Amino acid sequence: MKVNSFFIALVIVNLLTAGSLKAEILAKSVKADLSAFNKEESLWKNAKEEVVTLMMQPMVAPRPKVTTTEKIKVQAIHDGNWLVFRIRWADPRRDDAGKLGEFSDAAALMFPVKEGPPPPIFMGAKDNPVHIYHWRAQYQYDEEHGKKEMKDIYPNMSIDMYPMEFKDPGKVKGLTKEKREQYVQGQAAGNPQSYAKHAVDEIFAEGFGTSAVIENVESYGKGVWKNGEWTLILGRHMSRKNGSSLSVGKDTHLGFAIWQGSHDEVGSRKTVTMSWTPMKIEK
Amino acid sequence: MATVKNWQISRDMEYPYDEHRPKRQWAIIFDLNKCIACQTCSLACKTTWTSGKGQEYMFWNNVETKPYGSYPLAWDVRVLEKLGKQEWKKNEPYYGKTIFEGADPTEKAVHFAPKDEDWMYPNVGEDDCAGTVVAGDHISLPHDKWFFYLPRTCAHCTYPACLAACPRKAIYKREEDGIVLIDQSRCKGYGECVRACPYKKSMYNTYTRVSEKCVGCYPAVEQGYQPMCVQNCIGKIRIMGFVNPPWKARNNNPVDYLIHKLGIALPYYPQLGLEPNIYYIPPIHADRDYLAQMFGPNVDSAIAKYKKLKDDPVAQGLLVLMGSSDRILHSFDVVAGQATGYDEKGDKIVSVPVHEALVERPAFDAKNGTIRNNTP
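Going down the list, the sequences are from chains U and Z.
309 is the number of the first residue of the first sequence in this note's numbering; add one for each residue after it.
294 is the number of the first residue of the second sequence in this note's numbering; add one for each residue after it.
Rendered as structure tokens:
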């Protein structure tokens, strides 16, 4: 098929040019508590910054027509229990979504779950899952300020009455939380997307379109946008039951993805690494 | 891409998934000659389904004035413009491109992505007619200054673009009635369905951060009742039923009869390739070129047949059955001036006279010795 040969050509071009092939990330051991966000700049002074090349996701439609994020700069440190990344990339506009047709800036870090040769870079494969840490500016807003109410998204919107909020003191009692939730379909269906989020979603996937959010999160993320650049600190616990489990001295592989909301990037419209980036965790 | 059969354009076409027709297919027919844009359907839907947070702007059912009305803004002309000029000759299959066939390799469908402001004017162009009315104008047929009302729900398409475009496969078409639903627990709100649906009937909820759409009132349909927008139509312009493809059409099925047997109810924008399952009896006085663009080249014959309905007692009976019951009519007959609708088991649901008896009351009431008048 024409389309397949086009993808293969793209992959080959990328393999020839991708910095990610050359990049190898070394997580430096530091003497500090990394179990929560640590803003101390000196932690990073010995961690070598690697440049990793990305390209527009070429495998499945819908996909972007241009590569918006060509490269990211990655550093890593660990304290023996927690592994922390600092990822920086250029993005001319800060987007944390909200209104209709707006999308959030985001980044994802992917690890193979099984030991041995890593699965296909395209979000794993059947019986060979990947463990993804997905940070979104939108989710970080939830964590810092709470989930946006309609008045936060549309301050000038006027609404007569939400029936589920109706009360009349002495006459009509308000609905219970459960009953009110029935009017918020995403929540009534238990969709984690519809609740206030932790800044980082942890996800398992076995190929494109199969991602499923994990409930127990052992990770944190904090992105700061300044002068056209995001700096994201993303930390994860090294040993994860049923997930990607790492240990000091052991090698692993990394995959990256970036979304720029200002370019309507969301879901499969993203820039990605087309090959795994090897990583060592310093003893 | 698979090759699938699309009877509305009389040819095979490309679609991302194999052809799989449900056991039954939900469908609504609207008689546009009768719609007065009272918006009772819109409100029936709104109060039933979209009174929550993030749904303030949503009208799963809306009524827009054509040609200038649209919700979201200019959805139809923008999709047609993106698809580019295509031709469809009378009595021939449509050989132009569908939105699936015309799509760039990076996309699943030719589309435009509506922004925030595009959703803000649900009644833009309302009652605006095409052309300027100047002194001395008079009515001629078809009207040279025209407009008509177009009520719209999700078309629960046989080949939904929303379903094709969802990278998470969170959209599915039900086997039992062909209703297309977004799994509210699986959707991640990428908005691909909002982009891909050419009719713009998938809508993003900014509060739940997932997309939503018309659910075809499936809880009612499951119990044998028509959707709220149909039940509440005061003009009785609508009928909901289960449409068969032409090769399985049943002449005693109300919707099959209007769509296949008579050919007076046509799908809208069939050239986009989705095989939509809302059908329209076109307005007889509006501009024919515009109608042909919207309903395809069969619009002339549909209007010609509609004008002859007065000679067809069965069709007349069926039009009287429209709006005569809240329940779904699976079959009907017209015998001795009486039109009757039946449920799935063949039990009678409703029976109405094709012609109401005319009662003439003399102006003078002899019994009470008084003059009758119409003052309430």
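C-beta: ideal position from N, C-alpha, C; glycine also.
From a predicted model like this one, the values you see are computed outputs, not experimental measurements.
Burial state of residue i, where buried means 16 or more other Cβ atoms lie within 10 Å
i                 : result
Gly-544 (chain U) : Checking the sequence, you will find Arg at residue 544 (chain U) rather than Gly. When all chains shown are included, Arg-544 (chain U) counts as buried.
Met-615 (chain Z) : buried
His-648 (chain Z) : exposed
Asp-509 (chain U) : buried
Leu-443 (chain Z) : buried
Glu-374 (chain Z) : exposed
Tyr-308 (chain Z) : buried
Lys-549 (chain U) : exposed
Val-321 (chain U) : The pLDDT assigned to Val-321 (chain U) is 47, lower than 50, so where the model puts this residue is not dependable, and the model offers no usable value.
His-453 (chain U) : exposed
Leu-434 (chain Z) : exposed
Gln-348 (chain Z) : buried
Glu-380 (chain Z) : exposed
Met-469 (chain U) : exposed
Pro-512 (chain Z) : exposed
Arg-654 (chain Z) : exposed
Met-418 (chain U) : buried
Gly-494 (chain U) : buried
Gln-490 (chain U) : exposed
Phe-393 (chain U) : buried
Thr-585 (chain U) : buried
Asp-404 (chain U) : buried
Cβ of residue i within 8 Å of any chain Z Cβ
i                 : result
Asn-322 (chain U) : Confidence in Asn-322 (chain U) is poor, its pLDDT being 48 and thus under 50, which makes the residue's placement too unreliable to answer from.
Leu-540 (chain U) : no
Met-465 (chain U) : yes
Gln-495 (chain U) : yes
Asp-498 (chain U) : The residue you asked about is not Asp; residue 498 (chain U) is Gly in the sequence shown. Yes, Gly-498 (chain U) lies at the interface with chain Z (some Cβ there is under 8 Å from its Cβ).
Val-438 (chain U) : no
Pro-471 (chain U) : yes
Gly-515 (chain U) : no
Ile-461 (chain U) : yes
Identity of the residues DSSP links to residue i by a beta bridge
i                 : result
Asp-658 (chain Z) : Z:Thr-663
Gln-383 (chain U) : U:Arg-394
Tyr-350 (chain Z) : DSSP, once it has assigned bridges, lists no residue as partnering Tyr-350 (chain Z).
Pro-272 (chain Z) : Outside the displayed range of chain Z (294 to 669) lies residue 272 (chain Z), so it cannot be described from this structure.
Ser-504 (chain Z) : Z:Tyr-497
Leu-540 (chain U) : U:Ile-395 and U:Gly-531
Val-356 (chain Z) : Z:Pro-444
His-506 (chain U) : In the DSSP output, where bridge partners are listed per residue, His-506 (chain U) has none listed.
Leu-417 (chain U) : U:Tyr-441 and U:Phe-564
His-545 (chain U) : U:Trp-390
Lys-382 (chain Z) : Paired residue(s): none; Lys-382 (chain Z) is not in a bridge.
Amino acids of chain Z, ordered along the chain, whose beta-carbon sits closer than 9 Å to that of residue i
i                 : result
Val-574 (chain U) : Lys-481, Gly-482, Tyr-483, Gly-484 and Glu-485
Asn-492 (chain U) : Correcting the residue type first, residue 492 (chain U) is Val in the shown sequence and not Asn. Those within 9 Å of Val-492 (chain U) in chain Z are Gly-345, Lys-346, Gly-347, Asn-498, Tyr-500 and Thr-501.
Neighbour list for residue i in chain Z, Cβ cutoff strictly below 8 Å
i                 : result
Gln-501 (chain U) : Cys-480, Lys-481, Gly-482, Thr-501, Arg-502 and Val-503
Met-458 (chain U) : Lys-346, Gly-347, Glu-349, Thr-499 and Tyr-500
Cross-chain neighbours of residue i in chain Z, by beta carbon under 7 Å
i                 : result
Gln-568 (chain U) : Residues of chain Z passing the Cβ test: none, with the nearest at roughly 15 Å.
Met-431 (chain U) : Per Cβ cutoff of 7 Å: no residues; Met-431 (chain U) is ~11 Å from chain Z at best.
Integer Cβ distance of residue i from residue j, believed to fall under 8 Å
i                 : j                 : result
Ala-448 (chain Z) : Pro-569 (chain Z) : 3 Å
Gly-557 (chain U) : Ile-589 (chain U) : 6 Å
Thr-539 (chain U) : Gly-531 (chain U) : 7 Å
Ser-303 (chain Z) : Tyr-387 (chain Z) : 7 Å
Gly-610 (chain Z) : Val-627 (chain Z) : 3 Å
Glu-537 (chain U) : Trp-352 (chain U) : The pair is not a contact, with the Cβ atoms about 15 Å apart (cut-off 8 Å).
Trp-443 (chain U) : Ala-415 (chain U) : 5 Å
Tyr-528 (chain U) : Phe-345 (chain U) : 6 Å
Under 8 Å from the C-beta of residue i: neighbouring residues of chain U
i                 : result
Thr-399 (chain Z) : Ala-369, Pro-370, Arg-371, Pro-372 and Lys-373
Gln-670 (chain Z) : Nothing about residue 670 (chain Z) can be reported from this structure: the residues present for chain Z run from 294 to 669 only.
7 Å Cβ cut-off: residues of chain U touching residue i
i                 : result
Ala-406 (chain Z) : Gly-409 and Asp-572
Trp-412 (chain Z) : Leu-408
Ala-585 (chain Z) : Here the premise fails: no neighbours, minimum Cβ distance about 32 Å.
Ala-458 (chain Z) : Pro-370
Gln-379 (chain Z) : Within 7 Å Cβ-Cβ: nothing; Gln-379 (chain Z) doesn't reach chain U, min ~22 Å.
Gln-477 (chain Z) : Gln-493, Gly-494, Ala-497 and Asn-499
8 Å Cβ cutoff, residue i in contact with chain U
i                 : result
Asp-409 (chain Z) : yes
Arg-461 (chain Z) : yes
Gln-248 (chain Z) : This structure leaves residue 248 (chain Z) out entirely; chain Z is present only between 294 and 669.
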